[in-house]
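Everything in the sequence shown is counted per our numbering, starting at 176 for the first residue and increasing by one. Virtual Cβ for every residue (Gly too), placed ideally from N, Cα, C. Keep in mind that this is a model prediction, so the values were computed, not measured.
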Amino acid sequence: MDEQGVREMIGGASRIVGFTGAGISTESGVPDFRSPDGVWARNRTVDFQEFVSSESGRVEYWRQKAAAWPAMRDAKPNAGHYAFVELHRQGRLPALITQNIERLHQRSGLPAASVLELHGTTTEAVCLTCGDRITSDEACRRIEAGERAPRCRACGGLLKPATISFGQAMPLDVMARAQAAAETCDLLLAAGSSLVVEPAASIPRAAKAAGAHLVIVNREPTPLDGIADGVVRGEIGVVLPAMVAAGG
Ligand code: APR
Numbered sequence: 176m177d178e179q180g181v182r183e184m185i186g187g188a189s190r191i192v193g194f195t196g197a198g199i200s201t202e203s204g205v206p207d208f209r210s211p212d213g214v215w216a217r218n219r220t221v222d223f224q225e226f227v228s229s230e231s232g233r234v235e236y237w238r239q240k241a242a243a244w245p246a247m248r249d250a251k252p253n254a255g256h257y258a259f260v261e262l263h264r265q266g267r268l269p270a271l272i273t274q275n276i277e278r279l280h281q282r283s284g285l286p287a288a289s290v291l292e293l294h295g296t297t298t299e300a301v302c303l304t305c306g307d308r309i310t311s312d313e314a315c316r317r318i319e320a321g322e323r324a325p326r327c328r329a330c331g332g333l334l335k336p337a338t339i340s341f342g343q344a345m346p347l348d349v350m351a352r353a354q355a356a357a358e359t360c361d362l363l364l365a366a367g368s369s370l371v372v373e374p375a376a377s378i379p380r381a382a383k384a385a386g387a388h389l390v391i392v393n394r395e396p397t398p399l400d401g402i403a404d405g406v407v408r409g410e411i412g413v414v415l416p417a418m419v420a421a422g423g
């Protein structure tokens, strides 16, 4: 299907659920994970098991997070984020499911209640024992002051960025809401994800299985391109605004 066909399909949809990955934020200066200059090209992964069992693992994990935080904190939403805001303004975006952790969707103006963060957020750190939270700015200040793997000041537990690491349990309530949104939409619009990480990538499949159209906008091919009704190759900030302007 060509771009015009995809534009018409989006224009004819009344209940669109967005599904985004790190690729929607690269034009805001936030690196994605699997592009040649992405996070995993420069950092080893520290999974949840290593984080909870190894002080050196925690130090490395926090080093990576503290290094990445200023660009995320200072990033501004881009035209790709605002394309989803336009769908919300048209009353056609009941939910936006994201794997992203920097909250650019909320900062672009989407109501926080409609943004489902499958992988949590890096804007805060949370104690794995008592649940106490501090801001990431506070955590980074403490790291700069020499506390290389900050501990909870309330109970002494391990503080971790409030993201979901590999091997860490997904937020079941958020997953359930995302699954329900995917199964009741008439079009799932996936943008900026390689769609290789599970269980997140099961959400677009669930939408398709429930009868929705699936549109994928991404610079590179994804494993779900074969089941998609429309695939658009291009820079999200360029192609997405034109695709949502027509409808509504
Ligand atoms: N326009 C279009 N596509 C883009 C752009 C852009 N401006 N920038 C990057 N992309 C594409 C890349 O080609 C890539 O296919 O976006 C995709 C981003 O894929 P990943 O880097 O794998 O990011 P994501 O899919 O969000 O990763 C999922 O993996 O490491 C974990 O928890 C992390 O949430 C993350 C999850």
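In terms of residues, what are the limits of the beta strand (DSSP E) holding residue i?
i: residue 362; result: 362-366
i: residue 194; result: 191-195
i: residue 392; result: 388-392
i: residue 337; result: 334-338
i: residue 290; result: 290-292
The ligand APR heavy atoms versus the CB of residue i: any closer than 7 angstroms?
i: residue 343; result: no
i: residue 221; result: no
i: residue 394; result: yes
i: residue 377; result: no
i: residue 226; result: no
i: residue 292; result: no
i: residue 231; result: no
i: residue 391; result: no
i: residue 385; result: no
i: residue 372; result: yes
i: residue 426; result: Since the first and last residues shown for the chain are 176 and 423, residue 426 lies out of range.
i: residue 259; result: no
i: residue 198; result: yes
i: residue 194; result: no
i: residue 201; result: yes
i: residue 283; result: no
i: residue 189; result: no
i: residue 178; result: no
i: residue 380; result: no
i: residue 411; result: yes
i: residue 182; result: no
i: residue 207; result: yes
i: residue 213; result: yes
Would you say the beta carbon of residue i comes nearer than 7 angstroms to a heavy atom of the ligand SAM?
i: residue 277; result: The ligand SAM is not part of this structure, which contains only the ligand APR.
Measuring CB to CB, does residue i end up less than 8 angstroms from residue j?
i: residue 308; j: residue 337; result: yes
i: residue 390; j: residue 178; result: no
i: residue 365; j: residue 194; result: yes
i: residue 190; j: residue 361; result: yes
i: residue 357; j: residue 381; result: yes
i: residue 203; j: residue 274; result: no
i: residue 335; j: residue 372; result: no
i: residue 213; j: residue 221; result: no
i: residue 246; j: residue 205; result: yes
i: residue 384; j: residue 363; result: no
i: residue 283; j: residue 260; result: yes
i: residue 291; j: residue 227; result: no
Over the uninterrupted alpha helix (DSSP H) stretch that includes residue i, give me the two end residues.
i: residue 186; result: 178-186
i: residue 411; result: 411-420
i: residue 221; result: Per DSSP, residue 221 belongs to no alpha helix (DSSP H) and is neither H nor E.
i: residue 279; result: 279-282
i: residue 231; result: 230-249
i: residue 378; result: 377-384
i: residue 254; result: 254-264
i: residue 355; result: 347-358
According to DSSP, what are the bridge partners of residue i?
i: residue 299; result: 310
i: residue 270; result: 192
i: residue 405; result: 390
i: residue 326; result: 333
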